[in-house]
Amino acid sequence: MNHEIKIGGVTEHFNLPWTLAVERNKFAESGVDLKWEFFPGGTGVMTEALRTGQLDLAILLTEGFISAASSGLQAKIVKEYITSPLGWGIFTGVHSAFYSIYNRRPKKYAISKLGSGSHLMAMIHAEQRGEKINAEDLVEVRSMDGAAASLSKNETQIFYWEKYTTQPWLTNNTLRMIGEFSAPWSGFLLVASDEALRHKAAAIQQVLETINEESKAFVASSESVSLLTERFHMSAQDAETWLHSTVWSADFSIRLSGLENAKNALLKIGKATAQLEVKKLCNSGMKLI
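Throughout the sequence shown, residue numbering follows the numbering used here, covering 2 to 290 in sequence.
What follows is the structure in structure tokens.
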């Protein structure tokens with residue numbers, strides 16, 4: 002068994018249980034050499050890292066993984082990570098003329114990368130509003146910092162990102178939030194490449210068992226709110242609200258209805274294929290409910 006597991010996740014508060022577990026040697030204690038890497042560019046960058054073998058495991062947005070699987074990514078869901086839907090904020094520059102996403106004036110969308118959540122959710126929400134986003138309306142900005150710079154210069158006017166992560170840019174009057182959006186499926190999945198599952202299945206399972214315990218401990222800890230405020234510059238009120246509204250999965254069950262919802266939304270914007278069977282994207286150890 003190869004005990005080294007390379008894993009990636011976004012630089013957001015959702016992944017604090019992983020950071021704490023690494024700092025406290027929880028994975029090493031279970032016999033796994035976990036190599037954690039932050040990916041500010043998000044899901045689109047990580048699906049490519051899974052594709053090339055740079056990563057064995059990645060914490061991906063549900064819609065981003067299904068879109069990537071439709072495009073040929075050879076990987077499986079090994080665990081639902083965040084069961085609750087992701088709360089997306091819709092942002093513009095503080096001096097922008099936009100005060101509502103429903104304004105039909107022409108606008109350009111900042112996205113971290115094609116295939117990322119900021120890309121797919123913008124398109125899904127536009128389709129629901131009866132609008133269409135064309136390729137020339139999308140501007141890749143790589144990261145949250147890149148988006149803030151682009152929106153401030155009015156190169157782009159709209160950006161979708163997790164609403165609590167963006168709070169510092171609201172506080173310093175760089176951005177304004179003009180709306181919110183969430184979709185009826187789980188926020189994040191743990192996805193392993195087929196190659197890693199062939200050669201590192203036992204080590205991956207140990208990682209999953211460990212993070213189940215660490216996530217439960219994080220939710221129960223009296224220190225979690227102070228750690229969130231310290232490391233992610235959240236207010237205590239925001240940290241507490243977010244902590245109580247976020248649900249970490251502590252088992253290996255996954256709702257097929259949520260995966261189907263995501264697939265159907267992606268179908269409407271041409272980012273999934275009708276032939277894709279979402280249950281076949283789940284590893285054999287998953288319990289389908």
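C-beta: ideal position from N, C-alpha, C; glycine also.
Below 8 Å, enough C-beta pairs join the segment 173-190 and the segment 99-109 to call them touching: three or more. Listed in chain order, the non-local C-beta contacts of A69 below 7 Å within the same chain comprise T48 and G116, local neighbours out to five positions each way being set aside. In the three-state reduction of the DSSP assignment, I112 falls in the strand class. Taking T274 as the centre and dropping the five residues before and after it, the same chain places the C-beta of S71 closer than 6 Å to its C-beta, in chain order.
Following the DSSP letters along the chain, one finds G118 inside the alpha helix (DSSP H) bounded by residues G118 to R130.
In the three-state reduction of the DSSP assignment, I6 falls in the strand class, which pools E and B. With contacts defined by Cβ atoms closer than 8 Å, A22 and L51 do not form a contacting pair. If you compare the alpha carbons of L121, A111 and D138 with that of L152, the shortest gap goes to A111.
Relative to L74, the option among G286, L289, L282 and I290 whose CA is nearest is L282. N135 has its alpha-carbon roughly 12 Å from the corresponding atom of G271. With the rule of 3 Cβ pairs closer than 8 Å, the segment 186-198 counts as touching the segment 259-267. Pairing S97 with T175, the inter-Cα distance amounts to about 10 Å.
Remark: C-beta atoms of P18 and E278 do not approach each other more closely than 8 Å. Cβ neighbours of A237 within its own chain (closer than 7 Å, five residues either side excluded): V226 and T230. The three-state secondary structure of D34, taken from DSSP, is strand. Judged by DSSP in its simplified three-state form, A204 adopts helix.
If you check the CB distance, D138 and K109 come in under 8 Å. Bridge pairing for F160: F92 and A111 [DSSP].
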